[in-house]
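A.B. asks: Order-wise, the sequence lines are chains A and B. Numbering-wise, the first sequence is residues 0 to 384 according to numbering that gives the first Met the number 0. Numbering-wise, the second sequence is residues 0 to 384 according to numbering that gives the first Met the number 0.
Number of protein chains: 2
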Amino acid sequence: MSVTAAQGFEAAGVAVGLKSTGKPDVAVVVNRGPLKVGAAVFTSNRAKANPIMWSQRVIQDGVVEAIVLNSGGANCFTGSFGFQTTHQTAEKAGELLGVSAGDVLVCSTGLIGTGDEVFRAKVLAGTEQGIAELSADGGEAASLAIMTTDSRPKRSVVTGDGWTIGGMAKGAGMLAPGLATMLVVITTDAVLTAAQADAALRQATGRTFDRLDSDGCMSTNDQVTLMVSGASGVTPDLDAFASALAEVSQDLAKQLQGDAEGASHDITILVQNAASEEDAVEVGRSVARNNLFKAAIFGNDPNWGRVLAAIGTTQAAFDPYDVDVWMNGVRVCSQGGPDAPREDVDLTPRATDLVIDLKVGAASATILTNDLTHDYVHENSAYSS
Amino acid sequence: MSVTAAQGFEAAGVAVGLKSTGKPDVAVVVNRGPLKVGAAVFTSNRAKANPIMWSQRVIQDGVVEAIVLNSGGANCFTGSFGFQTTHQTAEKAGELLGVSAGDVLVCSTGLIGTGDEVFRAKVLAGTEQGIAELSADGGEAASLAIMTTDSRPKRSVVTGDGWTIGGMAKGAGMLAPGLATMLVVITTDAVLTAAQADAALRQATGRTFDRLDSDGCMSTNDQVTLMVSGASGVTPDLDAFASALAEVSQDLAKQLQGDAEGASHDITILVQNAASEEDAVEVGRSVARNNLFKAAIFGNDPNWGRVLAAIGTTQAAFDPYDVDVWMNGVRVCSQGGPDAPREDVDLTPRATDLVIDLKVGAASATILTNDLTHDYVHENSAYSS
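(1) Around the Cβ of A/N30, are there at least 16 other Cβ atoms within 10 angstroms (buried) or fewer (exposed)?
(2) Closer than 8 Å, CB to CB, is A/S54 near chain B or not?
(3) What does B/P337 reach in chain A if we use C-beta pairs closer than 7 Å?
(4) Looking at chain A, is there any beta carbon in it that lies within less than 8 Å of the beta carbon of B/R45?
(5) With 8 Å set as the bound, which would you pick, yes or no: does the beta-carbon of A/P176 sit closer than that to a beta-carbon of chain B?
(6) Flag B/H264 as yes if its beta-carbon sits less than 8 Å from any beta-carbon of chain A, otherwise no.
(7) For B/W303, go through chain A and note every residue whose CB falls closer than 9 Å to its CB, in chain order.
(8) So what does B/K169 bridge to, in DSSP terms?
(9) Distance check for A/D250 and A/A179, CA to CA, integer angstroms please.
(10) Say whether chain B places a C-beta atom closer than 8 Å to the C-beta of A/H373.
(11) Based on the DSSP output, what are the partners of A/M226 in its beta bridges?
(12) Just to confirm the assignment, what range does the alpha helix (DSSP H) spanning B/G114 have?
(13) Quick check on DSSP: helix, strand or coil for B/K293?
(14) Between B/R349, B/A350, B/G328 and B/Q334, which has its C-alpha nearest B/R341's C-alpha?
(15) Please report whether the beta-carbon of A/P319 lies at a distance below 8 Å from any beta-carbon of chain B.
(16) Just checking my contact of A/T312 with A/S285 at CB under 8 Å: how many whole Å lie between their CB atoms?
(17) Could you check what DSSP says for B/R284 in three-state terms: helix, strand or coil?
(18) Out of curiosity, what's the CA-to-CA distance linking A/A196 and A/P33?
(19) Measuring straight from C-alpha to C-alpha, what distance separates A/F187 and A/N220?
(20) Would you please state the rounded distance, in angstroms, between the beta carbons of A/D352 and A/R288? I believe it to be under 8 Å.
(21) By alpha-carbon positions, which one of B/D343, B/L191, B/G72 and B/A361 ends up nearest to B/A274?
(22) For a quick check, are the C-beta atoms of B/I51 and B/Q222 less than 8 Å apart?
(23) B/V376 touches chain A at which residues, Cβ-Cβ below 8 Å?
(24) What residues in its chain sit with their C-beta under 7 Å from that of B/P301, if we drop five residues either side in the sequence?
(25) Excluding the 5 residues flanking A/A203 on each side, which residues of the same chain have their C-beta closer than 6 Å to its C-beta?
(26) Using a Cβ-Cβ cutoff of less than 6 Å, which residues in the same chain neighbour A/G229 once the five nearest sequence positions on both sides are dropped?
(27) Just verifying my parser: in three-state terms, what is the DSSP assignment at A/K91?
(28) Does the segment 140-155 of chain B touch the segment 75-88 of chain B, meaning 3 or more C-beta pairs lie closer than 8 Å?
(29) From the DSSP output, in three-state form, read off A/A198 for me.
(30) Hey, could you find the ends of the alpha helix (DSSP H) B/W303 is sitting in?
(31) Measuring CB to CB, does B/T126 end up less than 8 Å from B/K91?
(32) Straight-line CA distance for B/D370 to B/Q254?
(33) Do A/R349 and A/D265 have their beta-carbon atoms positioned less than 8 Å apart in this structure?
(34) Decide if B/S134 is buried, meaning its Cβ has at least 16 other Cβ atoms within 10 Å, or exposed.
(35) Should B/G101 be counted as a contact of the ligand GDP given a C-beta to heavy atom distance under 7 Å?
(36) Which of helix, strand or coil does DSSP assign to A/E277?
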């Protein structure tokens with residue numbers, strides 16, 4: 000049900016030919032209220048797509064009526080014509096829905112540098128068709144329409160005490176954290192103010208989507224949006240809501256990891272006993288971005304030396320000669336020297352657990368990443384995306 | 000001739016079974032003087048191999064009599080036993096050469112975490128055998144003995160006004176800048192003080208080896224060493240010497256790039272009209288480390304959007320919407336929008352030129368990198384290295 004699991008939302012997904020495959024490529028999600036609260040986080044890439052620049056303005060007042068998302072083209076680096084396309088998309092949706100264009104978010108995903116007249120015409124047609132097909136069970140169709148190289152849709156629902164949170168996500172490449180790292184729409188019928196929604200969203204994304212780093216490449220178009228209808232009439236306990244929102248976010252982040260382009264391993268990097276959470280994140284990310292480590296995992300090779308070579312490039316507080324490293328439960332390195340034999344480690348399962356014990360403090364963080372595979376190279380060399 | 004091109008040096012390369020292939024794996028280079036001046040730069044990785052820790056002490060007084068290098072094992076994260084192995088290597092060489100062990104540098108390269116009794120015995124045997132086989136034309140043999148996954152040796156010679164600089168290098172993976180990025184030994188018979196040698200070496204490496212970033216992975220064992228015999232009796236013009244040293248360094252760096260593991264393109268990234276050289280380096284490096292861009296080049300796809308997405312993650316001064324990008328002479332992006340058609344770009348040659356014009360200043364920098372290929376993944380997943 001994804002974005003229509005919570006009360007007060009309608010959605011649709013339609014096909015207008017933006018994708019050469021003819022698959023659905025425009026999604027619309029509308030908030031029927033009574034609240035029209037919204038919050039969003041955006042890529043921190045300075046190279047921002049037109050829909051990001053538009054949506055950053057829209058979100059400022061905390062009011063969101065609807066969101067239009069297209070796959071099949073990023074509308075990034077397409078000049079003022081591209082920005083006008085985004086603007087016209089919001090105006091079209093606003094006109095048809097009887098709301099202000101300034102309360103309509105827009106998201107795009109696909110190849111950078113494409114966004115001509117044909118693209119514009121298709122996005123506008125998709126907006127119109129999507130709004131015509133809105134329904135209270137359109138969440139699944141919407142989740143299909145935002146897919147790009149994804150092999151499957153990503154959906155998640157968590158139910159609280161009288162309220163519900165549901166979400167959808169897309170993303171298989173260029174997965175590295177800015178503020179957000181993909182297109183995600185999460186809806187809830189809980190009663191929240193804009194400030195509460197914003198705080199909850201930033202807290203959830205900071206420890207979920209922001210800690211997914213599949214390939215170290217930050218997108219120009221990423222956006223995570225939370226839409227609040229309040230249709231349940233229930234004002235949630237804020238801690239319970241934050242926890243549920245983090246659960247939906249982490250569920251979607253794990254689905255993104257599990258479907259990352261070409262990956263054969265989902266690697267969970269737990270950095271523990273760090274001096275600070277920031278240190279733990281920096282150490283984890285240095286490993287997540289190390290091609291040699293990632294290629295070794297693809298080859299089922301527990302090459303812990305590459306872990307130490309990666310973390311040695313960071314500024315985090317630890318002694319490289321007093322670090323322990325576990326792979327899938329086997330301590331292969333202790334105090335910066337060899338421990339259990341490499342042969343004891345079974346790396347054949349897709350789920351791969353790496354634990355790095357820095358032994359200097361009590362903080363920890365978990366980074367999700369993937370291995371570097373032939374299929375990753377193939378997908379990202381054989382096709383423009 | 001590599002390290003024996005300059006007068007006053009002897010070298011050897013021998014095979015003692017550190018490599019399973021039986022190929023040469025221990026090299027020795029000895030300075031016969033009259034000067035015994037040395038300078039070296041080391042990896043900035045905090046995870047440092049035992050020979051790095053040893054050599055950093057040896058170099059402090061600017062006196063170097065000899066250097067022993069082994070392939071077939073990095074002697075990194077092998078504990079105090081490994082450090083003793085390095086120490087014993089220097090002592091063995093010092094004893095046989097009649098010099099202080101404290102003036103003998105040691106370098107190792109190969110798999111991290113290996114350095115047991117067998118390794119020690121072989122390195123000591125290789126040191127002894129290498130010293131027995133020293134000769135004034137041993138430079139070629141030495142350059143073969145330091146190879147790991149290199150497919151060919153790297154050698155360079157430049158002759159100045161009465162003096163000569165010669166060098167050898169090894170390195171095919173884990174090529175990313177620290178201070179140095181590989182094992183390199185450069186010799187000269189010019190007359191230089193230790194301070195002059197150190198200054199010239201730092202200047203040369205800063206703009207050559209430090210700007211080679213093949214795969215973003217910084218080694219634990221990298222060292223670039225300059226040995227000065229003064230045997231020509233000629234005190235060089237320092238600018239001419241610096242220029243010649245930079246020429247040898249860049250020649251070796253390009254040979255390393257040309258032989259990088261699995262690469263099918265040598266990519267030269269020129270960042271021009273930057274506000275500062277630091278900005279130009281930061282921008283160039285962000286592209287050199289972007290897997291999506293590197294995979295696109297492998298696929299002969301001039302995907303300039305990935306260039307902009309990469310540079311947008313930096314803090315350098317520029318407007319992402321006023322940047323021009325050329326690929327192999329074709330301006331594919333101007334002012335942050337599409338320019339010439341992608342089809343106009345021919346990416347089939349191995350040599351690939353990327354120019355990024357930031358349009359904000361007068362500084363520039365060139366970064367060398369490679370593409371991301373199936374063979375890179377294969378070499379780094381199928382074998383421990």
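Ideal Cβ placement from N, Cα and C applies to all residues, glycine included.
C.D. replies: Result, derived from the coordinates:
(1) Within the first sequence, numbered from 1, the residue matching residue 30 of chain A stands at position 31. With 16 or more Cβ atoms within 10 Å of its Cβ, A/N30 is classed as buried.
(2) Position 55 of the first sequence, counted from the start, is the residue given in the question as residue 54 of chain A. No, its Cβ sits nowhere closer than 8 Å to a Cβ of chain B.
(3) For this step, residue 337 of chain B is matched to residue 338 along the second sequence. Residues of chain A passing the Cβ test: G112.
(4) Numbered from its first residue, the second sequence carries residue 45 of chain B at position 46. Chain A contact via Cβ: present.
(5) Here residue 176 of chain A refers to the residue found at position 177 when the first sequence is read from its first residue. Interpretation of A/P176 is limited by its pLDDT of 48, a score under 50 that renders its predicted location unreliable; no figure is taken from the coordinates.
(6) Position 265 of the second sequence holds residue 264 of chain B. So no, B/H264 is outside the interface.
(7) Position 304 of the second sequence holds residue 303 of chain B. Correct list: F76, I111 and G112.
(8) Residue 169 of chain B sits at position 170 when you count from the first residue of the second sequence. In DSSP, B/K169 forms a bridge with B/L182.
(9) In the first sequence, the residue the question calls residue 179 of chain A occupies position 180. In the first sequence, the residue the question calls residue 250 of chain A occupies position 251. Its pLDDT being 37, under 50, A/A179 is placed unreliably in this model, and the value from its coordinates should be taken loosely. Their backbone Cα atoms lie some 15 Å apart in a straight line.
(10) Within the first sequence, numbered from 1, the residue matching residue 373 of chain A stands at position 374. Yes, contact with chain B.
(11) Against the first sequence, residue 226 of chain A aligns to sequence position 227. Its beta-bridge partners are A/G37 and A/T186.
(12) Translated into the one-based positions of the second sequence, residue 114 of chain B becomes position 115. No alpha helix (DSSP H) holds B/G114; DSSP gives it neither H nor E.
(13) Numbered from its first residue, the second sequence carries residue 293 of chain B at position 294. B/K293 falls in the helix class under three-state DSSP.
(14) As a first step, residue 341 of chain B must be located in the second sequence, where it is residue number 342. Of the candidates B/R349, B/A350, B/G328 and B/Q334, the one whose C-alpha sits nearest the C-alpha of B/R341 is B/G328.
(15) Your numbering for residue 319 of chain A matches position 320 in the first sequence. A/P319 counts as touching chain B.
(16) For this step, residue 312 of chain A is matched to residue 313 along the first sequence. For this step, residue 285 of chain A is matched to residue 286 along the first sequence. Correct: roughly 6 Å between the Cβ atoms.
(17) Translated into the one-based positions of the second sequence, residue 284 of chain B becomes position 285. Of the three classes helix, strand and coil, the one that applies to B/R284 here is helix, per DSSP.
(18) Here residue 196 of chain A is taken as the residue at index 197 of the first sequence, counted from 1. Here residue 33 of chain A is taken as the residue at index 34 of the first sequence, counted from 1. Rounded to whole angstroms, the gap between the alpha carbons of A/A196 and A/P33 is 15 Å.
(19) Residue 187 of chain A sits at position 188 when you count from the first residue of the first sequence. Residue 220 of chain A sits at position 221 when you count from the first residue of the first sequence. The identity of residue 187 of chain A in the sequence shown is Thr, whereas the question assumes Phe. So the alpha carbons of these two residues sit roughly 23 Å apart.
(20) Indexing the first sequence from 1 puts residue 352 of chain A at position 353. Indexing the first sequence from 1 puts residue 288 of chain A at position 289. So it is not a contact: roughly 18 Å between Cβ atoms.
(21) Taking the second sequence and counting its residues from 1, the one referred to as residue 274 of chain B is at position 275. Nearest of B/D343, B/L191, B/G72 and B/A361 to B/A274, Cα basis: B/A361.
(22) Your numbering for residue 51 of chain B matches position 52 in the second sequence. Your numbering for residue 222 of chain B matches position 223 in the second sequence. Their beta carbons are under 8 Å apart, which means B/I51 touches B/Q222 by this criterion.
(23) As a position in the second sequence, residue 376 of chain B is number 377, starting the count at 1. What B/V376 touches in chain A: A294, F297, L371, T372, H373, Y375 and V376.
(24) Taking the first residue of the second sequence as 1, we reach residue 301 of chain B at position 302. Cβ within range, chain order: M326, V331, R341, V344 and L346.
(25) Start at 1 with the first residue of the first sequence, and residue 203 of chain A comes out as number 204. For A/A203, where only same-chain residues beyond five positions count, the Cβ hits under 6 Å are L244, A245 and S248.
(26) As a working mapping, residue 229 of chain A is identified with position 230 in the first sequence. P33, L34 and V190, listed in sequence order.
(27) Taking the first sequence and counting its residues from 1, the one referred to as residue 91 of chain A is at position 92. Here A/K91 sits in helix by DSSP.
(28) Per the Cβ contact rule, the segment 75-88 of chain B is not in contact with the segment 140-155 of chain B (fewer than 3 Cβ pairs under 8 Å).
(29) Position 199 of the first sequence, counted from the start, is the residue given in the question as residue 198 of chain A. Helix at A/A198.
(30) To locate residue 303 of chain B, count along the second sequence from 1; it is residue 304. Its alpha helix (DSSP H) spans residues W303 to I310.
(31) Here the question's residue 126 of chain B lines up with position 127 in the second sequence. Here the question's residue 91 of chain B lines up with position 92 in the second sequence. Yes; because the gap between Cβ atoms is below 8 Å, this pair is in contact.
(32) As a working mapping, residue 370 of chain B is identified with position 371 in the second sequence. As a working mapping, residue 254 of chain B is identified with position 255 in the second sequence. About 15 Å.
(33) Position 266 of the first sequence, counting from 1, holds the residue named residue 265 of chain A. Position 350 of the first sequence, counting from 1, holds the residue named residue 349 of chain A. Yes, the pair counts as a contact, with Cβ atoms nearer than the cut-off.
(34) If you number the second sequence from 1, residue 134 of chain B lands on position 135. Label assigned to B/S134: exposed.
(35) With respect to the ligand GDP, the structure shown offers nothing to examine, as it has no ligands at all.
(36) Along the first sequence, read from residue 1 onward, the residue named residue 277 of chain A stands at position 278. A/E277 falls in the helix class under three-state DSSP.
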